[in-house]
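Protein chains in written order, with the working numbering: chain R, 1 to 112; chain A, 113 to 222. No residue lacks a Cβ here, since even glycine has one placed at the ideal position from N, Cα and C. All values derive from a computational prediction rather than experimental measurement.
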Amino acid sequence: SQELEQSPQSLIVQEGKNLTINCTSSKTLYGLYWYKQKYGEGLIFLMMLQKGGEEKSHEKITAKLDEKKQQSSLHITASQPSHAGIYLCGADMGTSYDKVIFGPGTSLSVIP
Amino acid sequence: NAGVTQTPKFQVLKTGQSMTLQCAQDMNHNSMYWYRQDPGMGLRLIYYSASEGTTDKGEVPNGYNVSRLNKREFSLRLESAAPSQTSVYFCASSEIYGYTFGSGTRLTVV
Chain R
1 SQELEQSPQS
11 LIVQEGKNLT
21 INCTSSKTLY
31 GLYWYKQKYG
41 EGLIFLMMLQ
51 KGGEEKSHEK
61 ITAKLDEKKQ
71 QSSLHITASQ
81 PSHAGIYLCG
91 ADMGTSYDKV
101 IFGPGTSLSV
111 IP
Chain A
113 NAGVTQTPKF
123 QVLKTGQSMT
133 LQCAQDMNHN
143 SMYWYRQDPG
153 MGLRLIYYSA
163 SEGTTDKGEV
173 PNGYNVSRLN
183 KREFSLRLES
193 AAPSQTSVYF
203 CASSEIYGYT
213 FGSGTRLTVV
């Protein structure tokens with residue numbers, strides 16, 4: 001089973017609409033990363049959250065880490081076709097070695 | 113531009129053939145990783161290297177070997193390719209926070 005779950009699995013929205021993607025863990029997250037992947041390309045780092053209750057924004061994308069540090073949400077305001085792609089959350093689960101575990105991804109399509 | 117470079121971008125192998133995927137980073141990062149990405153499975157760690165001269169198994173190491181040739185380069189070898197190894201392979205590097213990914217290698221084993 002996945003240690004990190006993402007919902008929804010896929011999303012189709014009309015341009016201009018807001019949307020939210022969730023990333024959930026059953027364990028405490030020591031660091032939570034959001035990445036975006038354009039189809040057929042590598043992953044691009046969006047932002048990192050570490051503290052419970054932390055919120056960061058970049059352009060029209062806002063990410064939050066809840067107080068218990070077990071869930072993060074990624075919110076896109078006024079979506080554009082350029083936002084289309086796969087969004088992956090990655091988490092530092094506090095293991096003894098330096099690695100990040102990734103969720104299965106959420107595929108976003110934005111219809112003009 | 114600085115970053116992680118993977119070669120080749122595409123490869124088709126016959127079952128039983130061998131090949132090496134190359135990865136190089138020019139950011140002076142200590143840690144490097146190989147992941148595979150399959151539909152609905154997300155990214156799964158194959159091997160990683162915390163520093164030059166060290167390598168460790170990740171979640172799905174069977175059928176693969178790695179070499180950390182120097183601080184810059186981390187290669188992934190398939191000794192006898194199997195159809196189950198059809199996937200997109202990503203190399204990444206990191207220092208403290210966040211990973212920088214290569215653009216991926218799309219491998220098909222027929």
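- Name the chain R residues whose beta carbon is nearer than 8 Å to that of methionine 153 (chain A)? Pro104
- chain A residues whose Cβ lies nearer than 7 Å to that of glycine 42 (chain R): Phe202, Phe213, Gly214, Ser215, Gly216
- Query: Within the 8 Å Cβ cut-off, does tyrosine 176 (chain A) reach chain R?
  - Reply: no
- Residues of the stretch 135 to 152 of chain A whose Cβ lies closer than 8 Å to any Cβ of chain D, in chain order: Given the protein chain composition of this structure (R and A), no chain D is represented.
- Would you mind telling me which residues of chain A sit closer than 8 Å to leucine 88 (chain R), beta carbon to beta carbon, in chain order? Gly154, Leu155
- Message: Taking the straight line between their C-alpha atoms, what separation do you get for isoleucine 76 (chain R) and glycine 31 (chain R)?
- Response: 21 Å
- Span separating the alpha-carbon of lysine 99 (chain R) from that of asparagine 22 (chain R): 21 Å
- Using 8 Å as the limit for Cβ to Cβ distance, is lysine 126 (chain A) near chain R? no
- Task: Compute the Euclidean distance between the alpha carbons of alanine 136 (chain A) and arginine 218 (chain A), then round it to the nearest angstrom.
- Result: 17 Å
- Item | Assigned secondary structure, glutamine 126 (chain R) (DSSP; H/G/I helix, E/B strand, else coil) | Since the first residue shown for chain R is 1 and the last is 112, residue 126 (chain R) is missing from the structure and cannot be characterised.
- Message: Is it buried or exposed, glutamine 9 (chain R), if we count other Cβ atoms within 10 angstroms and call 16 or more buried?
- Response: exposed
- Task: Can you have a look at histidine 83 (chain R) and say buried or exposed, based on whether 16 or more other CB atoms are within 10 angstroms of its CB?
- Result: buried
- Item | Selected residue, minimal CA-CA separation from serine 143 (chain A), among A:Gln197, A:Ser215, A:Thr167 | A:Thr167
- Task: Pick helix, strand or coil for histidine 141 (chain A), following the three-state DSSP scheme.
- Result: coil
- Item | Cut-off 8 Å between Cβ atoms - residues of its own chain near leucine 11 (chain R), not counting five sequence neighbours on either side | Leu19, Ile21, Thr106, Ser107, Leu108, Ser109
- Query: Does DSSP classify glutamine 37 (chain R) as helix, strand or coil?
  - Reply: strand
- Task: Please decide whether lysine 99 (chain R) counts as near chain A, where near means a Cβ-Cβ distance under 8 Å.
- Result: yes
- How would you list, in chain order, the residues of chain A whose beta-carbon sits under 9 Å from the beta-carbon of tyrosine 30 (chain R)? By Cβ distance, chain A contributes nothing, its closest Cβ being about 11 Å from tyrosine 30 (chain R), past 9 Å.
- Item | Touch test, the stretch 66 to 76 of chain R against the stretch 114 to 131 of chain A, Cβ-Cβ under 8 Å, three pairs minimum | no
- Query: Any beta-carbon of chain A closer than 8 Å to the one on tyrosine 33 (chain R)?
  - Reply: yes
- Message: Looking at chain R, is there any beta carbon in it that lies within less than 8 Å of the beta carbon of tyrosine 160 (chain A)?
- Response: yes
- Can you list, in chain order, the residues of its chain whose CB lies under 8 Å from that of threonine 173 (chain A), leaving out five sequence neighbours each side? At residue 173 (chain A) the sequence reads proline, which differs from the threonine that was named. Closer than 8 Å at the Cβ level, and outside the excluded window around proline 173 (chain A), lie Ile158, Tyr159.
- Select from A:Val116, A:Lys183, A:Glu171 the residue whose C-alpha is nearest the C-alpha of serine 163 (chain A). A:Lys183
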